[in-house]
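> Going by the working numbering, the first residue of the sequence shown is number 119, and it counts up by one from there.
Positions of the beta carbon are idealized from the N, C-alpha and C atoms, including for glycine.
The structure displayed is predicted, hence computed values, not measured ones.
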Amino acid sequence: MISKSFIKSSLLFTLGGALPMVAGILLLPFYTNYLSDALYTQVLFYISISMLFQILFSFSIENYFGIKFTKLADQKTEQKRFTGTVSILLLLIGLVVLGLACLFGPALFSAIYRTELGMDFWPWGFISVLTGFFNSYFKAASICLIYLKKPGTFLLSNVVNFLVTVIISIGGLFLFPDSILGPMYGRLISGFVIFLIGLGVFRQNSIWVFDKEFLKDLFVFCVPYVFYVISGWVLMQVDRYILQAYIPNTELNAYDLLLKCFYGIEFIQNSLSAVIYPKVYEIWAKQELKGTSPESNRYFNVLTALNILQLIVFCIAIPWVYRLFVNNPAFFQSEAYIGVLASGYALRSILSFYLAGILFTGNVMVLLRIFGFSALLQILLTWPASHYFGLNGAILAGLITKVVQVLLCIWLAAKVFHYKYNAYKILLLPFSFLLLNSLQYYLQPVYTTWFYVLELLGFGILIYVLFSKEIRKVLGNFGWPGGN
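(1) Considering only their Cβ atoms, is the gap separating F471 from S385 smaller than 9 Å?
(2) On the premise that Q558 lies in contact with G457, defined as a C-beta separation below 8 Å, what is that separation, rounded to the nearest angstrom?
(3) In whole angstroms, give me the CA-to-CA distance for R321 and G202.
(4) Return the residue from the list L299, I488 and I312 that minimises the CA-CA distance to N276.
(5) How many whole angstroms separate the CB atoms of S287 and L145, which I take to be in contact at a CB cut-off of 8 Å?
(6) Confirm, please, whether the CB-CB distance from S492 to Q387 is below 9 Å.
(7) Can you tell which of T195, Y255, Y149 and L317 has the C-alpha that lies nearest to the C-alpha of G290?
(8) Comparing alpha-carbon positions, which option in L421, N367, L370 and D374 lies nearest A392?
(9) In angstroms, rounded to a whole number, what distance separates the CA positions of M119 and F183?
(10) Return the residue from the list T132, Y455 and C527 that minimises the CA-CA distance to T566.
(11) Which residue marks the beginning of the alpha helix (DSSP H) containing M483, and which one marks its end?
(12) Leaving out five residues before and five after N445 in sequence, what residues of the same chain have Cβ atoms less than 7 Å from its Cβ?
(13) In or out: F252 buried (at least 16 other Cβ within 10 Å) or exposed?
(14) Can you tell which of G516, V431, I165 and L575 has its C-alpha closest to the C-alpha of M139?
(15) Go ahead and label I315 buried or exposed: buried means 16 or more other beta carbons lie within 10 angstroms of its beta carbon, across all protein chains shown.
(16) Measuring CB atoms only, is the region 376-385 touching the region 539-548, in the sense that at least three cross pairs come out at less than 8 Å?
(17) Using DSSP with H/G/I as helix, E/B as strand and the rest coil, what is L584?
(18) Quick check: the Cα distance between G134 and Y346, rounded to an integer number of angstroms?
(19) I'd like the span of the alpha helix (DSSP H) that includes Q355, first residue to last.
(20) The alpha helix (DSSP H) that contains T368, what's its start and end?
(21) Suppose contacts are defined by Cβ-Cβ distances below 9 Å. Is Q362 in contact with T159 by that definition?
(22) Quick check on R416: buried or exposed, where buried means 16 or more other Cβ atoms within 10 Å of its Cβ?
(23) According to the Cβ coordinates, are L473 and L485 closer than 9 Å?
(24) Could you tell me the boundaries of the alpha helix (DSSP H) in which R441 lies?
(25) Can the beta-carbon of G212 be found less than 9 Å from the beta-carbon of Y255?
(26) Measuring straight from C-alpha to C-alpha, what distance separates S504 and A512?
(27) Closer than 7 Å by C-beta to P295: which residues in its own chain qualify, once you throw out the five before and the five after it? Chain order, please.
(28) Under the three-state reduction of DSSP, which class applies to G236: helix, strand or coil?
(29) Counting pairs of beta carbons, one from the region 527-539 and one from the region 425-442, are three or more of them closer than 8 Å?
(30) Kindly list the residues whose CB is nearer than 7 Å to the CB of E406, restricted to its own chain and excluding five residues on each side of it in sequence; keep chain order.
(31) Under 8 Å Cβ to Cβ from T111, same chain only, skipping five residues before and after it: list those, please.
(32) In angstroms with no decimal places, state the Cα-to-Cα distance between L509 and E400.
(33) Is T620 buried or exposed, if buried means 16 or more other CB atoms sit within 10 Å of its CB?
(34) How big is the Cα-Cα spacing for I264 and K397?
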């Protein structure tokens with residue numbers, strides 16, 4: 119029986135965790151309306167830099183924290199020593215990475231960014247790196263709050279982060295027009311505030327020691343995992359770094375804006391997976407054979423159906439949202455490739471299905487092989503494709519990479535976990551969506567609302583025929599209305 123307190127705390131953690139994403143999406147219309155094309159491009163790259171360095175600063179320690187903290191559940195003193203060790207280690211990594219960034223940052227900026235973009239390491243690049251450090255430290259502290267079961271503090275700290283970021287960013291855009299000062303200092307100052315909050319969380323809930331005994335297991339887990347996370351950053355960001363040399367700023371900005379709008383889709387996908395995974399793990403833990411079952415497959419079938427429906431609704435809604443909040447018509451050109459980008463996100467339900475088995479068995483190296491090869495392939499395909507075909511080439515390279523990533527999952531995951539399922543419900547339905555939207559884009563790259571309305575109708579009928587019983591069953595298992 120799920121208690122009311124569990125539901126309440128889960129809701130608070132979910133709301134708090136969503137606020138950084140909400141802030142990012144909320145600020146997009148202000149960036150598009152108050153920044154020039156060149157300044158918007160600078161901001162998108164500085165944010166990307168901050169995201170990369172956040173990965174480097176964190177060293178994926180936040181992903182290891184919960185595992186070790188849970189294992190020490192019966193040793194409260196050791197839990198506090200471990201928490202203190204993590205805090206000090208993050209500060210030490212921060213000093214080292216900041217030092218290296220200062221030494222090599224200017225040269226790397228000159229090599230990576232074309233001169234016309236006006237990208238400078240001092241001061242904006244360094245500010246981006248420093249913001250990444252602040253955010254990484256706070257993220258680890260946030261994970262600590264989750265395992266300490268302090269949802270109120272978690273939500274309050276994220277609300278503070280949200281308000282400071284939004285207020286300073288928007289205020290700066292009005293007070294200092296034709297400047298990125300507002301967006302950059304909004305992120306920096308909010309980052310410093312949450313860094314102080316994170317420092318307080320660690321100080322109050324730990325014994326401030328650096329215990330080397332914790333380091334061996336930590337490094338064994340984190341070294342491969344951090345490469346896996348970096349691979350994820352490459353898959354999400356590298357196309358814009360390559361495209362900067364081959365397409366105009368206006369086209370690059372429109373592409374970036376649409377991809378950032380997909381953050382909402384990603385959040386919903388991740389939230390659905392977070393709800394489903396504990397259920398299927400509970401099912402698998404009771405089985406002798408570690409593999410899928412008709413009962414666990416039901417959850418992923420529903421995930422597939424919901425994912426496709428939400429993607430079509432997104433394709434219908436986003437042009438209307440653009441015209442409500444975005445005044446610069448240069449960004450409207452991204453409407454043409456909404457569907458083809460959405461088709462790549464349709465494969466996320468397949469990835470969730472296979473990754474669940476990999477994560478259940480704890481095979482981090484399998485994850486690294488899948489995402490590492492995919493990241494390398496993304497770079498190798500995007501570079502020549504962008505050179506010869508511009509944005510169309512980059513989009514095609516991204517789709518090919520996503521397909522290969524799924525095929526790698528099918529091949530490698532089967533070596534560590536047993537999969538048996540209805541191929542049409544898990545595989546063919548998402549691939550049908552991908553094929554239909556890809557053909558529409560490459561045969562007639564013009565946005566037509568009626569295409570997606572008819573698509574919603576067609577897939578809606580198909581999903582109802584295939585999944586209606588399963589959807590009701592899954593709703594019933596969660597105790598939601600409409601289930602049985």
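From the atom records:
(1) Here the sequence assigns Phe to residue 385, which means Ser is not the residue at that position. No, these two residues do not count as a Cβ contact at 9 Å.
(2) 6 Å
(3) 7 Å
(4) I312
(5) 6 Å
(6) no
(7) Y149
(8) L421
(9) Confidence at M119 is low in this model, with a pLDDT of 39, below 50, so its placement is unreliable and no value can be given for it.
(10) Y455
(11) V482 to A531
(12) N151
(13) buried
(14) I165
(15) buried
(16) no
(17) helix
(18) 25 Å
(19) L333 to L361
(20) N367 to A403
(21) yes
(22) buried
(23) yes
(24) P412 to F443
(25) yes
(26) 5 Å
(27) Y152
(28) coil
(29) no
(30) none
(31) No answer is possible for residue 111: it lies beyond the span of the chain, which begins at 119 and ends at 602.
(32) 44 Å
(33) Because the chain here runs from 119 to 602, residue 620 falls outside it and cannot be looked at.
(34) 19 Å
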